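> Under the working numbering, read the sequence shown as residues 21 to 401, first letter to last.
My questions will all concern the structure given below.
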Amino acid sequence: MDKTNPLRPAIFWDRDGTLIEDRGHLSEPGEAVFLPGTINALRRLQDDFLFFIVTNQPGVAEGAISIRDVDRVNAYVVSRLAEAGLRISAVYVCPHRRADGCACIKPSPHFLHKAAEDFGISLRRSFVVGDHPHDVELAEPAGAQGVYVCTGHGPKHLDELSENKIVVPDIRAAAEWILSRWPPHRMRHHVGDAAEIIRRGGVVVFPTETVYGLGANAFDRRAVARVFEIKNRPRLDPLIVHVADRRHARCLVKDFPADAWRLAERFWPGPLTLVLPKIDELPDIVTAGLRSVAIRVPCHALALALLSETGVAVAAPSANLFGRISPTTAEHAAAQLGTQADMTPSRNCTNAIRASHRCRERQGARRESGARRSARGNPCR
């Protein structure tokens, strides 16, 4: 197993009738013709999944083609996909007839388990896509999800499909269905929506590794004023400004002393807040009129994605009414703030008590070393 990339999700593609036209036994690479939409469908999925091809080629055992023919066609398919920027991690071929009683012919999940062992695949988070019942029925015993496409032999064998299987018209629809069920993809859409709301002057609730925050564009006075109003927070209580990285933090301050920079290198991303002299352009409402600003880089994937997507600094106290307990779930935030924010997660994006391993290490090693935590104690009140 590849220890550097454990437990990755994967998609196992059938070859003939799914990726390429089913033209019977192919002996020449030039006979392989990609089905419409194949390249674009795989491009939509490649950021989240490893790709494998699993194909039954009984023509080898029958003498219609040779294993060399199969390898040449497979190499052509893989190279064409590579030219489009798509990587196939491995191609698995069963060259036997069903009567041979081998262990690898679909619907046996033999090759799925082999991929899981060789590449560190999480089968329960993986998908199998094909145009024959045998293609998708191998998914269930492996813990994966099968998706049946009505291309190739799909229409012919549709009646043979067992109940409660996912059936879609083609590979493009298969990609759409997979993405609609894939949490990271759904979350990216939410991140994009939240970023647009912030850029347009709105206020959103978002998770960090400590508690949920209530964020607005730090350079939008009206938006920041709404944060104070929603929380019923005194304007004499300054806000922490969240940024995506140290480079962005440097843009917000007049001076970033060397010792503070070293602290940022060591503890960011993480729950360390540095207080530094602010630039004049940063509105005083953020800092309660103080000439310094509290800045941090959160150690939470969604928070960092949001900050990167917005492209602006986000002023964000905790997403609770002033004086109340800081929220560690989306439900806690919604219970206190109701619908006042322009966007609140519909369900938890994090268990805020459980920081990442990297963050826990940093929390354990955290020290002040001359960097004040906040001008007014804990600003997430």
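Where a beta carbon is used, it is the ideal one built from N, C-alpha and C, also for glycine.
The model shown is predicted, which means the values in this text are computed figures rather than measured ones.
Indicate the three-state DSSP secondary structure (helix, strand or coil) for Asn76 in the structure shown.
Your numbering for residue 76 matches position 56 in the sequence shown. For Asn76, the secondary structure class from DSSP, reduced to helix, strand or coil, is strand.
> Ala308 and Asp257: beta carbons closer than 8 Å?
Walking along the sequence shown from the start, residue 308 turns up at place 288. Walking along the sequence shown from the start, residue 257 turns up at place 237. It is a contact, given that the beta carbons lie within the stated cut-off.
> State the Cα-Cα distance for the pair Gly222 and His320, rounded to the nearest angstrom.
Residue 222 sits at position 202 when you count from the first residue of the sequence shown. Residue 320 sits at position 300 when you count from the first residue of the sequence shown. Going by the C-alpha atoms only, they are around 21 Å apart.
> Would you say Ile260 and Asn237 are within 8 Å of each other, going by their C-beta atoms?
By one-based count along the sequence shown, residue 260 stands at place 240. By one-based count along the sequence shown, residue 237 stands at place 217. No, these two residues do not count as a Cβ contact at 8 Å.
> If you run the structure through DSSP and keep just helix, strand and coil, what is Asp138?
By 1-based counting over the sequence shown, the position of residue 138 is 118. Residue state, collapsed to three classes: helix.
> Rounded C-beta distance between Pro226 and Leu324? I'm assuming under 8 Å.
Residue numbering aside, residue 226 sits at position 206 when the sequence shown is read from its first letter. Residue numbering aside, residue 324 sits at position 304 when the sequence shown is read from its first letter. One detail in the question is off: residue 226 reads as Phe in this sequence, not Pro. So it is not a contact: roughly 10 Å between Cβ atoms.
> Confirm, please, whether the CB-CB distance from Ser146 to Phe71 is below 8 Å.
Reading the sequence shown from its first residue, position 51 is the one you call residue 71. Reading the sequence shown from its first residue, position 126 is the one you call residue 146. No, they are not a contact pair.
> Check each candidate in Leu272, Gln165, Gly57 and name the one with the smallest Cα separation from Arg192.
In the sequence shown, residue 192 corresponds to position 172, counting from 1. Closest by C-alpha distance to Arg192, out of Leu272, Gln165, Gly57, is Gly57.
> Does DSSP classify Val90 as helix, strand or coil?
Position 70 of the sequence shown, counted from the start, is the residue given in the question as residue 90. Looking at Val90 - three-state DSSP - the assignment turns out to be helix.
> Look at the alpha carbon of Val80 and the alpha carbon of Phe69, and state the distance between them as a whole number of angstroms.
Here the question's residue 80 lines up with position 60 in the sequence shown. Here the question's residue 69 lines up with position 49 in the sequence shown. Val80 and Phe69: Cα-Cα distance of roughly 30 Å.
> Taking the alpha helix (DSSP H) that Ser200 belongs to, which residues open and close that run?
By one-based count along the sequence shown, residue 200 stands at place 180. For Ser200, the enclosing alpha helix (DSSP H) covers residues 191–200.
> Would Ala361 and Val224 be called neighbours here (beta carbons separated by less than 8 Å)?
Within the sequence shown, residue 361 is the residue found at index 341, counting from 1. Within the sequence shown, residue 224 is the residue found at index 204, counting from 1. Yes; because the gap between Cβ atoms is below 8 Å, this pair is in contact.
> So Arg242 is in the alpha helix (DSSP H); what residue range does that whole segment cover?
What you label residue 242 is simply residue 222 of the sequence shown in a count that begins at 1. That run of the alpha helix (DSSP H) goes 241–251.
> Expressed to the nearest angstrom, what Euclidean distance is found between the alpha-carbon atoms of Tyr96 and Val90?
Locating residue 96 in the sequence shown gives position 76, counting from the first residue. Locating residue 90 in the sequence shown gives position 70, counting from the first residue. In a straight line, the C-alpha of Tyr96 is about 10 Å away from that of Val90.
> What's the C-alpha gap between Arg255 and Leu65?
One-based indexing of the sequence shown puts residue 255 at position 235. One-based indexing of the sequence shown puts residue 65 at position 45. Each residue's alpha carbon lies about 46 Å from the other.
> What are the complete alpha helix (DSSP H) segments, minimum 4 residues, inside the region 327–364?
350–357
> One question on the structure: do Val148 and Gly166 come within less than 8 Å of each other, judged by their Cβ atoms?
In the sequence shown, counting from the first residue as 1, residue 148 sits at position 128. In the sequence shown, counting from the first residue as 1, residue 166 sits at position 146. Yes, they are a contact pair.
> Using DSSP with H/G/I as helix, E/B as strand and the rest coil, what is Arg99?
For the purposes of this step, residue 99 is taken as the residue at position 79 of the sequence shown. Before going further, note that residue 99 is Ser rather than Arg in the sequence given. Helix at Ser99.
> In chain order, what residues of the same chain lie with their CB nearer than 7 Å to the CB of Pro347, ignoring the 5 residues before and after it?
Taking the sequence shown and counting its residues from 1, one reaches residue 347 at position 327. Val231, Tyr232, Ser338, Ala339, Asn340, Ala353, Gln356.
> Could you tell me if Arg267 is buried or exposed, where buried requires 16 or more neighbouring beta carbons within 10 angstroms of its beta carbon?
By one-based count along the sequence shown, residue 267 stands at place 247. Per the 10 Å Cβ criterion, exposed.
> From the DSSP secondary-structure annotation, give me the bridge partner or partners of Arg28.
On the sequence shown, position 8 is the one that residue 28 refers to. Ile141, per the DSSP bridge assignment.
> Arg344 to Pro127, Cα distance in whole Å?
Within the sequence shown, residue 344 is the residue found at index 324, counting from 1. Within the sequence shown, residue 127 is the residue found at index 107, counting from 1. C-alpha of Arg344 to C-alpha of Pro127: approximately 56 Å in a straight line.
> Counting only the same chain and skipping the five closest in sequence on each side, list residues whose C-beta sits under 6 Å from that of Ala342.
For this step, residue 342 is matched to residue 322 along the sequence shown. Note that residue 342 is Phe in the sequence shown here, rather than Ala. Closer than 6 Å at the Cβ level, and outside the excluded window around Phe342, lie Lys251, Asn252, Arg253.
> Would you mind working out which of Thr38, Pro365, Ser99 sits nearest Ala411, comparing C-alpha positions?
With the chain covering only 21 through 401, there is no way to say anything about residue 411.
> Assuming Leu106 and Arg144 make a contact with CB atoms under 8 Å, what is their CB distance in whole Å?
Locating residue 106 in the sequence shown gives position 86, where the first residue counts as 1. Locating residue 144 in the sequence shown gives position 124, where the first residue counts as 1. Actually they do not touch by this definition, with Cβ atoms about 24 Å apart.
> Alpha carbon to alpha carbon, how far is His45 from Trp197? Give it in angstroms, no decimals.
Here residue 197 is taken as the residue at index 177 of the sequence shown, counted from 1. Here residue 45 is taken as the residue at index 25 of the sequence shown, counted from 1. Rounded to the nearest angstrom, the two C-alpha atoms are 30 Å apart.
> Grab me the residues of Cys114's own chain with a C-beta within less than 6 Å of its C-beta, minus the 5 sequence neighbours each way, in chain order.
Residue 114 sits at position 94 when you count from the first residue of the sequence shown. The residues are Asn76, Cys124, Ile125.
> Residues in the same chain with beta-carbon distance under 7 Å from Leu412, minus the five sequence neighbours each way, listed in chain order, please.
Limits of the chain in this structure are 21 at one end and 401 at the other, which puts residue 412 out of reach.
> Please state the DSSP three-state secondary structure of Leu234.
On the sequence shown, position 214 is the one that residue 234 refers to. Leu234 falls in the strand class under three-state DSSP.
> Any idea if Asn94 is buried or exposed, counting beta-carbon neighbours within 10 angstroms, 16 or more meaning buried?
On the sequence shown, position 74 is the one that residue 94 refers to. Per the 10 Å Cβ criterion, buried.
> Beta-carbon within less than 6 Å of Asp84's beta-carbon, same chain only, minus the 5 sequence neighbours each way: which residues are those?
Reading the sequence shown from its first residue, position 64 is the one you call residue 84. The question names Asp, but residue 84 is Ala in the sequence shown. His45.
> For the beta strand (DSSP E) containing Val306, list its first residue and its last residue.
Residue numbering aside, residue 306 sits at position 286 when the sequence shown is read from its first letter. That residue, Val306, is in no beta strand (DSSP E); its alpha helix (DSSP H) goes 304–307.
> What number of angstroms, rounded off, separates the C-alpha of His152 from the C-alpha of Glu329?
The residue labelled residue 152 in the question sits at position 132 within the sequence shown. The residue labelled residue 329 in the question sits at position 309 within the sequence shown. Whole-angstrom Cα-Cα distance: 41 Å.
> Is DSSP giving Pro49 helix, strand or coil here?
Sequence index remark: in the sequence shown, residue 49 carries index 29 (1-based). Helix.
> Check the C-beta distance from Ile305 over to Arg241 and give it rounded, since I have them as a contact under 8 Å.
Position 285 of the sequence shown, counting from 1, holds the residue named residue 305. Position 221 of the sequence shown, counting from 1, holds the residue named residue 241. Your pair Ile305 and Arg241 checks out as a contact, with CB atoms roughly 6 Å apart and the cut at 8 Å.
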